[in-house]
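Under the numbering used here, read the sequence shown as residues 218 to 298, first letter to last. Don't be surprised by glycine CBs; every beta carbon is placed ideally from N, CA and C. Given the structure is predicted, the values throughout are model-derived calculations rather than measurements. Scroll down for the structure; my scribbles are underneath it.
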Amino acid sequence: MKPIHIITLIAFIVSMSSIVCGLLLEVDYAQKLVGFGVSGLFLVVFPLFSYYRWKGKDVKDYMLTKENLDKMRENQKNNKI
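Below is the structure:
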């Protein structure tokens with residue numbers, strides 16, 4: 218496993234356990250546990266996961282540019298035969 222994958226997995230487990238503990242435990246700071254867990258998911262886990270999955274890919278392949286629209290139209294014409 219790659220180090221970024223391990224870090225993402227650990228951050229995910231910590232965030233989810235914080236949310237679960239906040240929901241199940243009857244302590245004064247339960248809402249803070251849930252809040253830190255959700256913040257960890259959105260501010261740490263999601264960006265790490267996005268970086269890991271998009272690394273090395275060309276963003277222009279996924280954008281709707283004139284060239285990509287022309288390719289899609291051409292593919293539709295070829296598939297309707």
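Output yes or no for whether 8 Å exceeds the beta carbon distance between residue i and residue j.
| i | j | result |
| --- | --- | --- |
| I236 | V255 | yes |
| S232 | G257 | yes |
Which of the three DSSP states, helix, strand or coil, is assigned to residue i?
| i | result |
| --- | --- |
| K288 | helix |
| D275 | coil |
| T225 | helix |
| V244 | coil |
| M233 | helix |
| L281 | coil |
Counting C-beta neighbours from all protein chains within 10 Å, is the total for residue i 16 or more, i.e. buried, or is it exposed?
| i | result |
| --- | --- |
| T282 | exposed |
| V262 | buried |
| L240 | exposed |
| L260 | exposed |
| L242 | exposed |
| L250 | buried |
How about the segment 268-276 and the segment 285-295: do they share at least three Cβ pairs that are nearer than 8 Å?
no
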